[in-house]
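FYI, in the UniProt record's numbering the residues of the sequence shown are 1 to 159.
Note that the Cβ used here is the ideal one computed from N, Cα and C, for glycine as well.
Please read the structure below before turning to the comments.
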Amino acid sequence: MDCGFKNDKEWFRYRAAAIIIEDGCVLMASNELASYYYSVGGGVHLHETAKAAVKREVLEETGMVYEIDRLAFIHENFFMDDTVALGVPCHEVALYYLMKPKGTKELNSNSFTQGVRENMSWLPIENLSQYTIFPTFFKERLRNIPNYPENIITLEYEK
1 MDCGFKNDKE WFRYRAAAII IEDGCVLMAS NELASYYYSV GGGVHLHETA KAAVKREVLE
61 ETGMVYEIDR LAFIHENFFM DDTVALGVPC HEVALYYLMK PKGTKELNSN SFTQGVRENM
121 SWLPIENLSQ YTIFPTFFKE RLRNIPNYPE NIITLEYEK
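Rendered as structure tokens:
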């Protein structure tokens with residue numbers, strides 16, 4: 001069970017996500033329900049650490065085992081969800097872990113979300129401004145990832 005709650009008026013989730021970079025490209029996911037790319041990762045389960053969750057999610061989505069390098073970003077995200085929670089305000093706390101590169105872009109992905117197959121894509125970091133991606137801060141912050149965890153707050157709405 002994921003750490004979070006959803007009702008007809010709001011949604012909260014605790015998420016662990018990966019930043020996987022190979023050869024100047026970052027791995028992003030997409031699916032036919034969404035018109036954008038999103039980070040690899042997902043909900044942290046009850047009684048699961050964020051580190052264990054990101055490793056589990058990466059394996060589930062890519063079919064590959066990646067090791068964690070370090071925590072890069074803590075993202076407090078306030079947005080209107082149009083896919084899972086259908087137009088309700090979402091408050092998400094996400095921990096973004098930089099993963100150790102493997103030296104290859106080969107994946108063994110067979111991931112599904114909400115019953116729809118996920119597609120994994122390697123997007124060039126220098127061209128991220130050309131894509132609709134979430135989190136949006138990736139477009140700037142992945143060019144120079146800090147050596148310490150950075151707290152980022154995104155306010156798409158205010159309650």
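Excluding residues up to 5 positions away in sequence, A29, N31, S111 lie with their Cβ nearer than 6 Å to the Cβ of E118 in the same chain.
In the DSSP assignment, T154 falls within the unbroken beta strand (DSSP E) covering 150-155.
Cβ-Cβ separation between L27 and R70: approximately 17 Å, too far for a contact (criterion under 8 Å). Per DSSP, the beta-bridge partners of D2 are H45.
Annotation for F12: the continuous beta strand (DSSP E) segment containing it runs 11-19.
The distance from the Cβ of V65 to that of W11 is about 31 Å, inconsistent with a contact at the 8 Å cut-off. By the CB criterion at 9 Å, E57 and A17 fall inside the cutoff. When DSSP states are grouped into helix, strand and coil, E126 belongs to the helix group. Going by C-alpha positions, F5 is about 9 Å away from Y14.
Under the 10 Å beta carbon count, A53 is surrounded by 16 or more other beta carbons and is classified as buried.
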